[in-house]
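Each remark here refers to the structure printed beneath this line.
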Amino acid sequence: MRRKRGFTLVEIMIVVAIIALLAAIAIPNLLTARRTANEAAAKATVRSLSTSAETYATAHSGAYPDSVANLTEYISSAANYCKDQAGGETTVQGYKYACTLNVGDYTFVATPATMNTTGSIVYTATTGGVLTPL
């Protein structure tokens with residue numbers, strides 16, 4: 001009669017240890033990649049909102065949009081990032097967006113929802129299209 005031979009407890013423990021080691025190496029790299037992607041998206045979003053506000057001002061004799069509804073004429077996704085005039089924040093892809101719109105100026109701010117986890121840079125765009133990372 002032939003005996004079946006299975007894995008010993010030591011062999012299984014070695015495999016589990018190797019998998020745990022690989023996970024310990026890979027997970028921080030994945031988190032860093034996610035944070036970097038969130039930061040790139042936030043920077044691009046703030047830049048797009050600022051460009052749209054400047055385009056609006058060019059078409060309206062220097063007056064900037066004073067509401068999200070006016071801003072959506074040039075960027076349809078503005079409503080996804082800006083709450084209308086209440087000064088509230090909207091969280092999208094790990095960043096909180098705050099938009100301040102007035103006829104004479106604007107400010108767009110993207111702040112990480114959880115600092116150093118979802119992002120580590122605060123992006124601000126002000127009148128004139130100046131994008132400032134903090």
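Residue numbers (our numbering): 1 to 134.
Here a beta-carbon is modelled for each residue, glycine too, at the ideal position from N, C-alpha and C.
Note that the structure is a prediction, hence the values are computed from the model and not measured.
For V15, the secondary structure class from DSSP, reduced to helix, strand or coil, is helix. In the displayed model, V103 falls within coil according to three-state DSSP, outside both helix and strand. Contact annotation: T107 and Y64 have beta-carbon atoms that are not nearer than 8 Å. The shortest CA-to-CA distance from D66 to any of I25, A24, V103 and K4 is the one to V103. Rounded to the nearest whole angstrom, the C-alpha separation of S61 and Q93 is 34 Å. In this structure, DSSP gives L30 a helical state, which the three-state scheme calls helix.
Pairing E39 with G119 gives a Cβ-Cβ distance under 8 Å.
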